[in-house]
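Enquirer:
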Amino acid sequence: MSQRTAAERRGFPTTFLAVAKIIWLGAQLLNPNPRRAASQQTTIVMISDFKFAVRQLLKAPGFTTVAMLTLALAIGVNSAIFALINGVVLKPVVPVRPNEVVNVFTARQNASHDYRQFSYNEYRELRENGGDVFVNVAALEFAVAGIGRDHDMRRSFAFLTSENYFPMMGVQPFRGRFYDAEECKPNANMAVVVASYGFWKRNGGGNDFVGSTLHINGQPYTVIGIAPDGFSGANALVAPDIWVPLGMRSQLGSAFGDSETTHDLLNPKNYTFNLTARLRPGLTMDAAKARLPVLAQRLNAVQPEGSEGARELQIQTPSRFSLSTQPEDDGPITLIATLLMAMAGAVLLIACLNLANMLLARGTSRSKEIAVRLAVGASRWQIVRQLLCEGFLLAVCGGAIGLILSVWCNDLLLQQLRGLLSSVNFSFVVKLRPDAAVLAVTFFFCLIATMLFSLGPALKATKADLVNDLKEQVGEPARIGRLSRFFAPRHISVMAQIALSLMLLFAAGLAISLLSSISL
């Protein structure tokens, strides 16, 4: 039997079947992928859920305001702490391949391991003949300089470096240029200076700054360039205001030297340099340490007569906070960062538990509404999804407000740090403004908050007793007695909030007492 005959027997005219085929083929042409159709349908459903969630939240402005402010404080604290940790601990100090950069130290081969700095001859020996361990070796010295004239003069830290220091760190000048090898020759006395980005901004940030004259220790220096924004060279928090070539060492002197220290860099007993080096690509720290004794022998061979004896070489990952001339680690900075994030997470957990209690109470007042929706055919998943959409909107709005609060708190922290170091000018290079990582973590906190304070109340609200809930008045609890039990979820939540709050209070008290003892 043909298809046409069968269709006609079922009472479908041939013309109707033809129109149906055309409509079906048109739908396939417009949307040939069934998965795409399902995805579009899901998108439409989610948009309607969010629209309904907005209407529900606008109906309860008091609850919405309190919930958003609670989340804003909690998420803001977490964002501020993470921005601080990201800017100070996680962000590498060296912009390019930071795992290859090390600090080099020399110590006497005895029990005390007396450390000293390097002479210019030792620096040149390691730079020219240390190729089996180092690709490049740069010299660095800290100095104190008076910038300005007469009563406007301000003391500031300056870094004296060799000409290869900036290329070894992988940075380019923001404007102008860096100094060259001729300007870094011993006793060259070419009065040029590279200003830090922060120093340039504090002095107006003008386009004519490069080429202008700075008076340093009463002498005129020509500004030849500006270092890039955020570059500190040797520290994760602060940068010097000016960078000066080694050839001007006799004019500035050392920040740690005494009046008897000679200024002639060619003197073999003038130990004045800290060394920073970049390891050969693919060379691990352990493999580099195994090759250091050979370099130490070469270094001992260039020692002057009457020197203090054989010495050894040591390398260490650069410290993020120390400017010491001997190896120092950053202490338990990772542990402190972990504890700070744990305390911030506890604040978020307390806020989420508080909001979960609020949502449980709100779910009780909406029990009849949810029972009606279940009675007319809505599935439990649809109700849970709707309640999660409401929680997600609260978390996103609270996270946006919290992000603004975190920016304000971090700016206030930087202002306090600048006030503490106002006597000596530094350029703060730590970035506490939100970047892509901070925004991503803030969004993650919003998702975590949504799951913490919305999922439990949503699942509980959908466990409805339709007969009892439909008979109850709006706002009247359908299960009188269950929530009043001692180990009810709301009671456990309150106890957890009290316990976490006490823990944070004790931790804050211990931290304050520790800081007070350190300051004393």
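Each residue of the sequence shown is one higher than the one before, starting from 14 at the first, in the working numbering. Positions of the beta carbon are idealized from the N, C-alpha and C atoms, including for glycine.
To the nearest angstrom, how far is the alpha carbon of L406 from that of V109?
Expert: Each residue's alpha carbon lies about 40 Å from the other.
Enquirer: With a cut-off of 8 Å on the beta carbons, I'd call G260 and N200 a contact; round off their distance for me.
Expert: Sure, about 7 Å apart at Cβ, within 8 Å.
Enquirer: Sort out for me which residues DSSP pairs L326 with in a bridge.
Expert: For L326, which the question treats as bridged, DSSP gives the partners T119.
Enquirer: Name the DSSP beta bridge partners of W256, please?
Expert: According to DSSP, W256 bridges with F172 and V207.
Enquirer: For E154, which of helix, strand or coil comes out of DSSP?
Expert: Reduced to three states, the DSSP call for E154 is strand.
Enquirer: May I have the straight-line CA-CA distance separating G494 from A369, to the nearest angstrom?
Expert: Model confidence at G494 stands at a pLDDT of 48, short of 50, so the residue's coordinates are unreliable and nothing is read from them.
Enquirer: With distances taken between CB atoms, is the gap from A66 to E403 smaller than 8 Å?
Expert: Cβ distance < 8 Å, so A66 and E403 count as in contact.
Enquirer: Below 8 Å CB to CB, which residues in the same chain sit around F519 once its five sequence neighbours on both sides are set aside?
Expert: Excluding sequence neighbours, F519 sits near nothing in its chain.
Enquirer: Could you give the distance in angstroms between the alpha-carbon of I328 and the alpha-carbon of L426?
Expert: Each residue's alpha carbon lies about 34 Å from the other.
Enquirer: Contact check, N423 vs A151 under 8 Å by CB: the rounded distance?
Expert: The Cβ separation is near 32 Å, so there is no contact.
Enquirer: If we call anything under 8 Å between Cβ atoms a contact, is S225 one with P253?
Expert: No. Outside cutoff.
Enquirer: Have a look at S557 and G358 and give me their C-alpha separation to the nearest angstrom.
Expert: This structure cannot settle anything about residue 557, because the visible part of the chain is limited to 14 through 533.
Enquirer: Decide if the stretch 111-118 is in contact with the stretch 315-335; the criterion is three or more beta carbon pairs, one per stretch, under 8 Å apart.
Expert: In short, these stretches touch, since the Cβ pair count reaches three.
Enquirer: Work out the CA separation of F155 and L308 for me, nearest whole Å.
Expert: Whole-angstrom Cα-Cα distance: 25 Å.
Enquirer: With DSSP as the reference, identify every bridge partner of G159, one or two as the case may be.
Expert: DSSP output for G159 lists R168 as bridge partner(s).
Enquirer: On the CB-based measure, 16 or more other CB atoms within 10 Å of its CB, does S392 come out buried or exposed?
Expert: So S392 counts as exposed.
Enquirer: With L153 and F147 assumed to form a contact (beta carbons below 8 Å), what rounded beta-carbon distance in angstroms separates them?
Expert: Not really, about 15 Å apart at Cβ, beyond 8 Å.
Enquirer: I think I239 touches G189, with their Cβ atoms under 8 Å apart; what is that distance to the nearest whole Å?
Expert: Confirmed, about 6 Å.
Enquirer: Taking the Cβ atom as the reference point for each residue, do L401 and A462 lie within a distance shorter than 8 Å?
Expert: No; because the gap between Cβ atoms is not below 8 Å, this pair is not in contact.
Enquirer: If V206 sits next to V251, beta carbons under 8 Å apart, how far is it from one beta carbon to the other, in whole angstroms?
Expert: No, V206 and V251 are not in contact; Cβ-Cβ is about 18 Å, not under 8 Å.
Enquirer: Whose C-alpha, out of M356, L465 and P340, is nearest the C-alpha of Q130?
Expert: That would be P340, whose Cα lies nearest to the Cα of Q130.
Enquirer: In or out: A264 buried (at least 16 other Cβ within 10 Å) or exposed?
Expert: The residue you asked about is not Ala; residue 264 is Gln in the sequence shown. By the 10 Å Cβ count, Q264 comes out buried.
Enquirer: To the nearest angstrom, report how far apart Y192 and L227 are at their CA atoms.
Expert: Between Y192 and L227, the C-alpha separation is close to 16 Å.
Enquirer: Out of R291, I346 and A158, point me to the one whose CA is closest to W256's CA.
Expert: Residue A158 is the option with its Cα nearest to W256.
Enquirer: Give the C-beta separation of Y284 and S132 to the nearest angstrom, bearing in mind that I take them to be a contact with Cβ-Cβ under 8 Å.
Expert: Yes, Y284 and S132 are in contact; Cβ-Cβ is about 5 Å, under 8 Å.
Enquirer: For T77, I'd like the list of residues in its chain whose CB is within less than 8 Å of its CB, leaving aside the five on either flank, ordered along the chain.
Expert: Closer than 8 Å at the Cβ level, and outside the excluded window around T77, lie L70, L71 and L407.
Enquirer: How big is the Cα-Cα spacing for S61 and V385?
Expert: Whole-angstrom Cα-Cα distance: 19 Å.
Enquirer: Hey, would you say R293 sits closer than 8 Å to L173, going by beta carbons?
Expert: Contact flag unset, no.
Enquirer: Of all the options F95, D127 and A85, which has the alpha carbon lying nearest to the alpha carbon of L353?
Expert: The option with the nearest alpha carbon to L353 is F95.
Enquirer: At which residues does the alpha helix (DSSP H) containing L308 begin and terminate?
Expert: It spans M298 to A314 - the alpha helix (DSSP H) in which L308 sits, taken as one unbroken run.
Enquirer: Taking 6 Å as the limit between beta carbons, can you name the residues of its chain near E325, skipping five residues before and five after?
Expert: So the qualifying residues of the chain are A120, Q122 and A309.
Enquirer: With 16 other CB atoms within 10 Å as the buried threshold, where does W213 fall?
Expert: Burial call: buried.
Enquirer: Just to confirm the assignment, what range does the alpha helix (DSSP H) spanning Q264 have?
Expert: Counting along the chain, the alpha helix (DSSP H) containing Q264 begins and ends at R262 to L265.
Enquirer: Just the C-alpha distance for Y234 and R311, rounded to the nearest angstrom, thanks.
Expert: Roughly 38 Å separates the two Cα atoms.
Enquirer: Under three-state DSSP, which class holds T338?
Expert: Note: T338 maps to coil in three-state DSSP.
Enquirer: Look at the alpha carbon of I396 and the alpha carbon of T83, and state the distance between them as a whole number of angstroms.
Expert: Between I396 and T83, the C-alpha separation is close to 25 Å.
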